[in-house]
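Engineer: Sending over a structure as structure tokens; questions will come in a sec.
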Amino acid sequence: MSNKEMVKGHSFLSHFSLRNSVAIVVLSATAVWAGGEAFAHTSSPHYPLAPLKQKTQVYKAFFPSEQVARQVVKSMDTLSSHYEEGYLVVPGDSQQLNQLISLGFKLEAVSVQNSGLNLAPTTLSRDNSDHIPGYSCYPTVEATFKEAKALAEEYPRLAEWIDIGDSWRKTQQRGGYDLMVLKLTRNNDIEDKPKLFINSAIHAREYATAPLALTFAKNLLTGYGNDADATWILDHHEVHLLLQTNPDGRKQAEKGVLWRKNVNDFNSCYNPLKQGIDLNRNFTFGWGSTTDGSSGDVCSQVYRGSAPGSEPEIQALQNYVRSLYPDRRGPERNDPAPLDTSGIHLDIHSHGRLVLWPWGTNGDPAPNHTQLQTLGRKFAYFNGYSPERSLGLYETDGTSDGISYGELGVAAFTFELGTEFFESCHYFEQKILPDNLQALRYAAKVVRAPYQLPAGPEVYSVSINNQASEHPVPAGTWLTLSAIADDSRFSHRNGVEAVQTVTAAEYYLDVPPWQEGAERQPMQSVSGDFDLEQQAIKGIIDTRDLSSGKHIAFVRAMDSDGRWGPVSAVFFSIQ
């Protein structure tokens, strides 16, 4: 069967020992709390372990290598990742602990208090509260919607707040939420703009994901008219943000519960803490196609649902993605998307500090693997994460990249942010935001041709002399446009990307190079020759015929393989 035919009580270890390299496991029942109620469990893995009480026992799993640790984070239920300190924090799942032992991990039983986990308060969030209790940096579902709607009202020419469907609870008339997309683009007459689609918080417990996407939206909107790159991105591209992909589940997580799934309670799971469907195993493409990529156990954390695309949240997301992008990939696994395919889909998760791309199943790499890897290494240059194919110790199926890359051929990536689900505000503000906002900005710049532009040189530090970027200069002033063109800005973690010398650079005034009427102006190497991977470049702008007011200069560069990189821009003004 072709890929597109597939589309169209838990126990803690009280102690363990090794005898002749075999783990001898002693199990004891424990209780977990949600919203102040206790539920006893004696078997079955994969339950939401929260609120995690200080007396609860978890395990520090000291890994044999960081590479193995990253594979575990991609594949198993881990609570936090501490690569620099040499360990992961994992729940007391006996089957998983035995697997870790077989992989060479050394386990140390600790209390939650001594594990390094960031504890969430057990106070229930209120619908009228602005932030998740104990986390002033993370808006609640209601506050996220309120802020996004306010942005659309404040910037009516740049933003739109769009209802694309309903959450599960809303379909059952049991409360719930609309699924809302914040669309960002200048309301102008440019048609068929390239589109960046970002969804976040599909797994409810991953606190940092939706706030990152919301901050990115604010960054673009407040930058419009002041920041040249933010301005041309919104003039010529579209950014679509599904901020709360799983709002029902998120409300559970706001109680301090490590809730992953949606809240569909029709699946007959005996335990209320284990109900729901893992939305990131419910996508139609490749649904249930592997032996271990998801589960048919209704109580599993990776329960795939009763049928492909059964959940209203996934139906809404898939229908919206199909409305954004044409289908440019063939029906077979090894059919590549054409290299000029536009569009990027980013699914924002936590934790693990990873940048992932298809396939997450065994077999040949994705037919666009080389191009996906190049862009993945570029993203990882900015956020410092490890760029990797999605396949870990186990396969995954029914995941979000199925709708975008698998079905339509759109470049698809998963970001795994930070170190844990309930990330501290300090780490979020000091690391996750600055590192990942750069990566998201780059995605918005290359979305026109993500299989081509990332291989070309990146242009940065674009500036104009005579302070023309800050103050108007008289018409007739000769201005020097300066920048750095660099073909080497890729992550070197988990492999090395080939780089070339920069061989040419050019600028365009007011009209970008892809648009009719663009006029090319050559630039020179500051050193005199184009013979370096990182090259200082300059050009002269003749302003004699320019009208008064603000102008924009677009700069791009080419490498020795003839590949142009994305443009970067700078404003200047004429009196």
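Each residue of the sequence shown is one higher than the one before, counting from 1 in our numbering. A virtual CB, placed ideally from N, CA and C, is assigned to each residue, including glycine.
Could you tell me the distance, in whole angstroms, from the CA atom of C425 to the CA atom of D235?
Structural biologist: As a first step, residue 425 is located in the sequence shown; it is residue number 425 there, counting from the start. As a first step, residue 235 is located in the sequence shown; it is residue number 235 there, counting from the start. Whole-angstrom Cα-Cα distance: 33 angstroms.
Engineer: Three or more C-beta pairs closer than 8 angstroms, one from the segment 211 to 229 and one from the segment 359 to 378: is that the case here?
Structural biologist: Contact between the segment 211 to 229 and the segment 359 to 378 is absent, because fewer than three Cβ pairs lie under 8 angstroms.
Engineer: Could you spell out where the beta strand (DSSP E) holding T503 opens and where it closes?
Structural biologist: Residue mapping note: residue 503 aligns to position 503 of the sequence shown, counting from 1. Looking at the DSSP string, the run of the beta strand (DSSP E) that includes T503 is 502 to 509.
Engineer: Beta-carbon within less than 6 angstroms of N199's beta-carbon, same chain only, minus the 5 sequence neighbours each way: which residues are those?
Structural biologist: Here the question's residue 199 lines up with position 199 in the sequence shown. Excluding residues within five positions, the ones whose Cβ falls inside 6 angstroms are L242, T245, D347.
Engineer: When the Cβ atoms of the segment 164 to 174 are set against those of the segment 387 to 401, are three or more pairs found closer than 8 angstroms?
Structural biologist: At 8 angstroms Cβ cutoff, the stretches do not touch.
Engineer: In its own chain, which residues sit with a C-beta less than 6 angstroms from the C-beta of P64, not counting the 5 before and 5 after it?
Structural biologist: Here residue 64 corresponds to residue number 64 of the sequence shown, with the count starting at 1. Cβ within range, chain order: G104.
Engineer: Straight-line CA distance for Q535 to L453?
Structural biologist: Here the question's residue 535 lines up with position 535 in the sequence shown. Here the question's residue 453 lines up with position 453 in the sequence shown. Going from the Cα of Q535 to the Cα of L453 covers about 18 angstroms.
Engineer: Tell me, please, which residues DSSP counts as bridged to A61.
Structural biologist: Sequence index remark: in the sequence shown, residue 61 carries index 61 (1-based). BP columns for A61 point to L88, L107.
Engineer: For N334, collect the residues of the same chain with a Cβ closer than 7 angstroms to its Cβ; drop the 5 residues on either side in sequence, then sort them by chain order.
Structural biologist: On the sequence shown, position 334 is the one that residue 334 refers to. Around N334: D364, P367.
Engineer: Could you tell me which residues DSSP pairs with H303 in its beta bridges?
Structural biologist: Reading the sequence shown from its first residue, position 303 is the one you call residue 303. Checking the displayed sequence, the identity of residue 303 turns out to be Tyr instead of His. BP columns for Y303 point to S295.
Engineer: Over the uninterrupted alpha helix (DSSP H) stretch that includes L219, give me the two end residues.
Structural biologist: Reading the sequence shown from its first residue, position 219 is the one you call residue 219. Reading off the sequence, residue 219 comes out as Asn, not Leu. Taken as a continuous stretch (DSSP letters only), the alpha helix (DSSP H) holding N219 covers 209 to 223.
Engineer: Answer yes if the segment 290 to 310 comes into contact with the segment 323 to 334, meaning at least three C-beta pairs across the two stretches below 8 angstroms, and no otherwise.
Structural biologist: No, the segment 323 to 334 does not touch the segment 290 to 310.
Engineer: Between D510, L119, S310, which lies nearest to L546 when the distance is taken from Cα to Cα?
Structural biologist: As a position in the sequence shown, residue 546 is number 546, starting the count at 1. When only C-alpha atoms are compared, the closest one is D510.
Engineer: If you count every other CB in all the chains shown that lies within 10 Å of the CB of K274, and 16 or more means buried, which is it?
Structural biologist: Here residue 274 refers to the residue found at position 274 of the sequence shown. By the 10 Å Cβ count, K274 comes out buried.
Engineer: Can you grab the Cα-Cα spacing for the pair P358 / F283, in whole Å?
Structural biologist: The sequence position of residue 358 within the sequence shown is 358, counting from 1. The sequence position of residue 283 within the sequence shown is 283, counting from 1. Between P358 and F283, the C-alpha separation is close to 14 angstroms.
Engineer: Taking only the alpha-carbon atoms, compute the straight-line gap between F39 and Y270 and give it to the nearest angstrom.
Structural biologist: To locate residue 39, count along the sequence shown from 1; it is residue 39. To locate residue 270, count along the sequence shown from 1; it is residue 270. Residue confidence for F39 is low, a pLDDT of 31 falling below 50, so the modelled location carries little weight; the figure read from the coordinates is stated next. Roughly 11 angstroms between the two C-alpha positions.
Engineer: Classify S342 as buried or exposed, calling it buried when 16 or more other Cβ atoms lie within 10 Å of its own Cβ.
Structural biologist: The residue you call residue 342 lines up with position 342 of the sequence shown. Buried, by the Cβ-count rule.
Engineer: Specify, as a first and last residue, the run of the beta strand (DSSP E) that D542 falls within.
Structural biologist: Here residue 542 refers to the residue found at position 542 when the sequence shown is read from its first residue. From DSSP, the beta strand (DSSP E) with D542 extends over 534 to 542.
Engineer: Using 10 angstroms around the beta-carbon of S527, count the other beta-carbons present and answer buried if the total reaches 16, otherwise exposed.
Structural biologist: By 1-based counting over the sequence shown, the position of residue 527 is 527. Exposed.
Engineer: For G388 and V73, I'd like the C-alpha separation in whole angstroms.
Structural biologist: Numbered from its first residue, the sequence shown carries residue 388 at position 388. Numbered from its first residue, the sequence shown carries residue 73 at position 73. Reading off the sequence shown, one finds Glu at residue 388, where the question assumed Gly. One C-alpha to the other measures close to 12 angstroms.
Engineer: Fully enclosed by the segment 224 to 274, which alpha helix (DSSP H) runs are 4 residues long or longer?
Structural biologist: Correct list: 228 to 236, 247 to 253.
Engineer: Run through DSSP, which three-state label would D401 get?
Structural biologist: Taking the first residue of the sequence shown as position 1, residue 401 is located at position 401. DSSP places D401 in helix when its eight states are reduced to three.
Engineer: Is Q371 buried or exposed, if buried means 16 or more other CB atoms sit within 10 Å of its CB?
Structural biologist: On the sequence shown, residue 371 is found 371 positions in, with the first residue counted as 1. Q371 should be labelled buried.
Engineer: For A557, does the count of other Cβ atoms within 10 angstroms reach 16, so buried, or fall short, so exposed?
Structural biologist: Locating residue 557 in the sequence shown gives position 557, counting from the first residue. Buried: at least 16 other Cβ atoms inside 10 Å.
Engineer: For a test of the three-state rule: what should DSSP assign to T414, helix, strand or coil?
Structural biologist: Position 414 of the sequence shown holds residue 414. Correct three-state label for T414: strand.
Engineer: Is the segment 252 to 265 close to the segment 459 to 470, with three or more CB pairs under 8 angstroms?
Structural biologist: At 8 angstroms Cβ cutoff, the stretches do not touch.
Engineer: With a cut-off of 8 angstroms, do at least 3 Cβ pairs link the segment 477 to 486 to the segment 497 to 515?
Structural biologist: Short answer: they touch.
Engineer: Assign P367 to one of three DSSP states: helix, strand, or coil.
Structural biologist: Within the sequence shown, residue 367 is the residue found at index 367, counting from 1. Here P367 sits in coil by DSSP.
Engineer: Report yes or no: is there a C-beta of chain C within less than 7 angstroms of the C-beta of G134?
Structural biologist: No chain C appears in this structure, which consists of one protein chain only.
Engineer: Compare the beta carbon distance of Y320 and I202 with 7 angstroms and say whether it is the shorter of the two.
Structural biologist: As a first step, residue 320 must be located in the sequence shown, where it is residue number 320. As a first step, residue 202 must be located in the sequence shown, where it is residue number 202. No; because the gap between Cβ atoms is not below 7 angstroms, this pair is not in contact.
Engineer: What residue does the beta strand (DSSP E) around N199 start on, and which one ends it?
Structural biologist: Along the sequence shown, one-based indexing puts residue 199 at 199. Here the beta strand (DSSP E) through N199 covers 195 to 200.
Engineer: Given this structure, state the Cα-to-Cα distance separating I132 from Q252, to the nearest angstrom.
Structural biologist: Mapped onto the sequence shown, residue 132 falls at position 132. Mapped onto the sequence shown, residue 252 falls at position 252. So the two alpha carbons sit approximately 11 angstroms from each other.
Engineer: Go ahead and label H471 buried or exposed: buried means 16 or more other beta carbons lie within 10 angstroms of its beta carbon, across all protein chains shown.
Structural biologist: Translated into positions along the sequence shown, residue 471 becomes position 471. Exposed: under 16 other Cβ atoms inside 10 Å.
Engineer: May I have the straight-line CA-CA distance separating S268 from D297, to the nearest angstrom?
Structural biologist: As a working mapping, residue 268 is identified with position 268 in the sequence shown. As a working mapping, residue 297 is identified with position 297 in the sequence shown. Taking the straight line from one Cα to the other gives about 10 angstroms.
Engineer: How many Å lie between R329 and I344 at the Cα?
Structural biologist: Walking along the sequence shown from the start, residue 329 turns up at place 329. Walking along the sequence shown from the start, residue 344 turns up at place 344. When rounded, the distance between both Cα atoms is 14 angstroms.
Engineer: Mind pulling the alpha helix (DSSP H) runs of 4 or more residues that sit fully within the segment 305 to 361?
Structural biologist: Within the segment 305 to 361, the complete alpha helix (DSSP H) runs of at least 4 residues are 312 to 324.
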